[in-house]
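Numbering-wise (my numbering), the sequence shown opens with residue 163 and increments by one. To start, the structure itself, in structure tokens.
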Amino acid sequence: MPGLYLHIPFCKQACHYCDFHFSTSLGLKSRLVDAIVRELELRQHYLGPAPTLDTIYFGGGTPSLLTAAELAQLFEAIHRHFPVSPGAEITLEANPDDLSAVALYALRHAGINRLSIGLQSFYEPHLRLMNRAHTAEESTTAVRRAQDAGFENLSIDLIYGVPAPGHHIWEADLANAFALGVPHVSAYALTIEPGTAFGHRLQKGTFRAAPEEFVATQFEALLAAMRAHGYEQYEISNFCQPGRESRHNANYWRGVPYLGLGPSAHSYDGRNRQATLANNPQYVSAVLERGEVPATVDVLTATDRANEYLLTALRTARGCDLAHLRTHLGVDLPATRPAYLAALQANGWARIQNEVLTLTDAGKLLADQITLELFQSPAVAP
Ligand code: SF4
Numbered sequence: 163m164p165g166l167y168l169h170i171p172f173c174k175q176a177c178h179y180c181d182f183h184f185s186t187s188l189g190l191k192s193r194l195v196d197a198i199v200r201e202l203e204l205r206q207h208y209l210g211p212a213p214t215l216d217t218i219y220f221g222g223g224t225p226s227l228l229t230a231a232e233l234a235q236l237f238e239a240i241h242r243h244f245p246v247s248p249g250a251e252i253t254l255e256a257n258p259d260d261l262s263a264v265a266l267y268a269l270r271h272a273g274i275n276r277l278s279i280g281l282q283s284f285y286e287p288h289l290r291l292m293n294r295a296h297t298a299e300e301s302t303t304a305v306r307r308a309q310d311a312g313f314e315n316l317s318i319d320l321i322y323g324v325p326a327p328g329h330h331i332w333e334a335d336l337a338n339a340f341a342l343g344v345p346h347v348s349a350y351a352l353t354i355e356p357g358t359a360f361g362h363r364l365q366k367g368t369f370r371a372a373p374e375e376f377v378a379t380q381f382e383a384l385l386a387a388m389r390a391h392g393y394e395q396y397e398i399s400n401f402c403q404p405g406r407e408s409r410h411n412a413n414y415w416r417g418v419p420y421l422g423l424g425p426s427a428h429s430y431d432g433r434n435r436q437a438t439l440a441n442n443p444q445y446v447s448a449v450l451e452r453g454e455v456p457a458t459v460d461v462l463t464a465t466d467r468a469n470e471y472l473l474t475a476l477r478t479a480r481g482c483d484l485a486h487l488r489t490h491l492g493v494d495l496p497a498t499r500p501a502y503l504a505a506l507q508a509n510g511w512a513r514i515q516n517e518v519l520t521l522t523d524a525g526k527l528l529a530d531q532i533t534l535e536l537f538q539s540p541a542v543a544p
């Protein structure tokens with residue numbers, strides 16, 4: 163069943179690594195919520211006639227900046243246009259400093275049943291380095307408070323590969339995460355993107371990213387620790403206790419259609435992708451004043467479909483189904499790339515069992531390069 167994504171493009175302050183679409187001027191927030199409600203009306207048939215939603219995901223930005231009234235307004239619009247399945251997974255991304263007991267009560271009351279808490283680290287100097295808006299103490303208390311408020315379905319985000327002497331800070335971050343007993347953890351390597359504060363400092367020579375081997379060692383430590391604590395790595399950056407995957411994100415990776423609302427949100431109708439303009443004032447005026455959603459549509463070619471499948475499937479534990487790739491996407495890797503597939507296996511980077519190609523732990527470190535190598539170019543695609 164399809165999902166609904168709502169992008170809430172506001173943050174209290176800019177984290178130094180972040181290149182998502184957000185604004186720190188909150189003056190437009192209530193108009194933007196009005197615009198999302200209007201966009202929902204305008205695009206209610208994007209997924210066909212009133213499909214039942216199985217997942218709803220409030221992402222950002224910082225959706226925990228929404229007031230109870232704004233959240234109620236959004237839910238009212240959702241329920242007016244779509245049936246929502248009784249067991250729907252309804253996730254909201256939250257920052258620790260927003261999760262007071264009162265706010266948590268309002269979130270539960272509104273219908274949120276899963277929180278994804280962006281705590282990133284339990285180590286104060288790293289939080290300050292990354293310009294996070296919360297303290298290390300709030301990282302822990304937010305999770306405890308959410309559990310006390312009845313949020314059992316919790317995920318936390320962690321960042322590794324932050325420059326530091328030695329690996330003890332990352333090891334302590336992992337230990338702190340396990341102590342909280344959350345069923346889901348997303349862990350991302352710190353990447354330095356152009357246009358971010360870290361990107362500018364890197365250019366000026368006032369910031370140095372951690373060396374590749376340092377990041378690789380922390381990734382290996384992550385995999386070992388997750389395995390030792392009974393978490394499954396169902397996607398390269400996502401770990402869960404058995405049966406506790408994010409249904410919303412797992413559906414993305416399976417190619418299930420979804421409708422994305424708000425500036426910079428993406429949508430997929432099963433054939434093509436659509437991206438909404440990443441500009442808050444222009445989005446609001448186009449939607450509210452002209453009744454138009456400013457967006458670009460990507461018409462997916464056969465090559466695009468095959469490459470998207472390779473990109474997502476190789477990152478998941480399910481792996482890349484070579485028979486599916488051949489039969490439904492017209493790409494026969496064993497026939498066209500036998501030498502490369504053999505090399506992947508000989509190097510211990512991948513295995514093929516029952517026509518399913520999966521990456522080993524060593525291969526996951528090279529996932530981007532391996533995927534690029536397997537990408538189909540338009541010239542050779544059917
Ligand atoms: S709170 Fe999240 S979206 Fe906002 S700047 Fe920080 S990482 Fe980016």
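Where is the CB? At the ideal position from N, CA and C, for every residue including glycine.
Item	Value
From Leu202 to Leu166, what does the alpha carbon distance come to, in whole angstroms?	10 angstroms
Specify which residues have a beta carbon nearer than 6 angstroms to any heavy atom of ligand 1, listing them in chain order.	Cys173, Ala176, Cys177, Cys180, Phe182, Phe184, Gly222, Gly223, Thr224, Asn257, Gly280
Bridge partners for Cys482 per DSSP, in chain order?	Leu519
Within 10 angstroms of the Cβ of Asp460, are there 16 or more other Cβ atoms? Answer buried if so, exposed if not.	exposed
Under 8 angstroms, do Pro171 and Pro425 count as touching if we go by C-beta distance?	yes
Please tell me whether Tyr219 and Thr186 are closer than 8 angstroms, where the distance is taken between their beta carbons.	no
Give the secondary structure of Ala543 by DSSP, where H, G and I count as helix, E and B as strand, and everything else as coil.	Caution applies to Ala543, whose pLDDT of 41 falls short of 50 and renders its modelled position unreliable; the value that the coordinates give is listed next. Looking at Ala543 - three-state DSSP - the assignment turns out to be coil, as it is neither helix nor strand.
If you scan the stretch 186-274 from start to end, which runs of the beta strand (DSSP E) of 3 or more residues do you find wholly inside it?	215-222, 246-256
Candidates Ile279, Arg370, Ala334: which alpha carbon is nearest Asp319's?	Ile279
Assuming Leu476 contacts Thr533 (C-beta within less than 8 angstroms), just tell me the rounded distance between them.	5 angstroms
Taking the CB atoms as reference points, tell me whether Gln403 and Asn293 lie closer together than 8 angstroms.	no
Is the distance from the Cβ of Leu261 to the Cβ of Ser317 below 8 angstroms?	no
First and last residue of the alpha helix (DSSP H) that includes Asn442?	442-452
What is the DSSP secondary structure of Leu527, counted as helix, strand or coil?	coil
May I ask you to report which of helix, strand or coil DSSP gives Ala508?	helix
Is it the case that the Cβ atoms of Trp415 and Glu397 are separated by a distance below 8 angstroms?	yes
For Thr478, which residues of its own chain have a beta-carbon under 6 angstroms away from its beta-carbon, when the five flanking residues on both sides are left out?	Glu397, Trp415
Taking C-alpha atoms, which residue in Leu342, Ala427, Ala311, Ala298 lies nearest to Ile331?	Ala298
Using a Cβ-Cβ cut-off of 6 angstroms (strictly less than) and excluding sequence neighbours within five positions of Leu188, which residues of its own chain qualify?	Phe172
Determine the extent of the beta strand (DSSP E) in which Gly361 is found, giving its start and end residues.	No beta strand (DSSP E) holds Gly361; the alpha helix (DSSP H) holding it covers 359-366.
Decide if the stretch 499-517 is in contact with the stretch 444-456; the criterion is three or more beta carbon pairs, one per stretch, under 8 angstroms apart.	no
Rounding to the nearest angstrom, what Cα-Cα distance links Glu355 and Val344 in this structure?	29 angstroms
With respect to the alpha helix (DSSP H) encompassing Ala552, which residues constitute its N-terminal and C-terminal limits?	Residue 552 lies beyond the residue range present for the chain, which begins at 163 and ends at 544; the question has no answer from this structure.
By Cβ distance below 6 angstroms, which residues in the same chain neighbour Val246 in space, the five residues on each side in sequence not counted?	Leu215
Would you kindly report the start and end of the unbroken alpha helix (DSSP H) that includes Tyr471?	464-475
Could you name the residues of the same chain whose beta carbon sits closer than 6 angstroms to that of Val324, not counting the 5 residues immediately before and after it, in chain order?	His288, Leu352
Taking the alpha carbon of Gly222 as the point to measure from, which residue in Val195, Arg406, Glu255, Ala239 has its own alpha carbon closest?	Glu255
Going by the beta-carbon positions, is the gap between His329 and Ser408 smaller than 8 angstroms?	no
Is Asn413 helix, strand or coil when you go by DSSP?	helix
Hey, Asp523 and Leu385: beta-carbon distance below 8 angstroms or not?	yes
How would you label Val542, buried or exposed, when you count the other beta carbons within 10 angstroms and need 16 or more for buried?	Confidence at Val542 is low in this model, with a pLDDT of 46, below 50, so its placement is unreliable and no value can be given for it.
Just to confirm, is the Cβ distance from His296 to Pro248 under 8 angstroms?	no
Please list the segments of the beta strand (DSSP E) lying wholly inside the stretch 372-416, counting only runs of 3 or more residues, in order along the chain.	394-397, 400-402
For my contact list, Arg307 and Ala371 are in at a C-beta cut-off of 8 angstroms; report their separation, rounded to the angstrom.	In fact, because the Cβ distance is near 34 angstroms, the residues do not count as touching under 8 angstroms.
Taking DSSP's pairing of strands, which residues face Leu316 in a bridge?	Leu277
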